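I have placed the structure first, in the form of structure tokens, so that the comments after it can refer back to it.
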Amino acid sequence: VLACVSHQRLVVWYYPHVVYVDKDLLPKTQTSVDAAHFGKQSEIIDFQGSSCTIQRADGSLLSAPVSAFPLTLVQYATKNKWPQCTRLCRFANQTVLWACLAAIA
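Just so you know, we're using the working numbering here: the sequence shown kicks off at 18 and counts up by one.
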């Protein structure tokens with residue numbers, strides 16, 4: 018997982034290794050959410066599981082939730098649990114999951 022705060026948006030790439038497989042899938046494996054409430058000059062302090070901790074310019078810490086589905090998908094794939102991968106993709110029905118699965122497979 019790769020994350021950044023850019024142009025007042027929190028951008029998360031769930032499977033950045035996709036650039037070595039298919040560069041066209043890269044935009045489909047990312048999500049972007051509005052981060053204007055973080056303010057300017059904010060930086061990511063910690064990223065654990067499905068939580069991203071961001072420090073604002075004034076020193077205050079904020080937590081931003083991130084979808085846990087892609088992280089679970091990668092865990093299943095590393096354990097070769099492909100039926101669980103497809104089941105998760107069908108359950109969540111998110112394009113980002115199907116793109117990650119295509120890149121991992």
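Glycine included, C-beta positions come from ideal geometry on N, C-alpha and C.
Values in this document were obtained by computation on a predicted structure and should not be read as measured data.
Let me check understanding here. Comparing Cα to Cα, which of Trp30, Lys57, Asn110 and Gly76 lies closest to Ala120? Position 103 of the sequence shown, counted from the start, is the residue given in the question as residue 120. Closest option to Ala120, Cα to Cα, is Trp30.
Could you check the C-alpha separation between Thr48 and Val28 for me, to the nearest Å? Residue 48 sits at position 31 when you count from the first residue of the sequence shown. Residue 28 sits at position 11 when you count from the first residue of the sequence shown. So the two alpha carbons sit approximately 6 Å from each other.
If we ignore side chains and look at the alpha-carbon of each, how far apart do Lys45 and Cys102 end up? On the sequence shown, position 28 is the one that residue 45 refers to. On the sequence shown, position 85 is the one that residue 102 refers to. Here the alpha carbons of Cys102 and Lys45 stand approximately 17 Å from one another.
Reduced DSSP category for Ala94 - H, G, I as helix; E, B as strand; rest coil: Walking along the sequence shown from the start, residue 94 turns up at place 77. The three-state secondary structure of Ala94, taken from DSSP, is helix.
Cut-off 7 Å between Cβ atoms - residues of its own chain near Leu43, not counting five sequence neighbours on either side: Along the sequence shown, read from residue 1 onward, the residue named residue 43 stands at position 26. If we look at Leu43 and ignore the five residues flanking it on each side, its Cβ neighbours are Val35 and Val36.
On the criterion of 16 or more Cβ atoms from any shown chain inside 10 Å, does Ala81 qualify as buried, or is it exposed? Numbered from 1 along the sequence shown, position 64 holds the residue referred to as residue 81. In the assembly as shown, Ala81 is a buried residue. Its beta-carbon has 16 or more other beta-carbons within 10 Å.
Local Cβ density within 10 Å of Cys21, reported as buried at 16 or more and exposed below that: Locating residue 21 in the sequence shown gives position 4, where the first residue counts as 1. The residue in question, Cys21, is exposed, as its Cβ has fewer than 16 Cβ neighbours within 10 Å.
Between which two residues does the beta strand (DSSP E) carrying Leu105 extend? The residue labelled residue 105 in the question sits at position 88 within the sequence shown. Counting along the chain, Leu105 sits inside no beta strand (DSSP E); it lies in the alpha helix (DSSP H) bounded by residues Trp99 to Ala109.
Restricting to Cα atoms, I'd like to know which of Asp39, Cys117, Arg26 and Pro33 is closest to Tyr93. In the sequence shown, the residue the question calls residue 93 occupies position 76. For Tyr93, the nearest C-alpha among the options comes from Cys117.
Under the rule that 16 or more other beta-carbon atoms within 10 Å means buried, what is Phe55, buried or exposed? Sequence index remark: in the sequence shown, residue 55 carries index 38 (1-based). Phe55 is classed as buried because its beta carbon has at least 16 other beta carbons within 10 Å across all chains shown.
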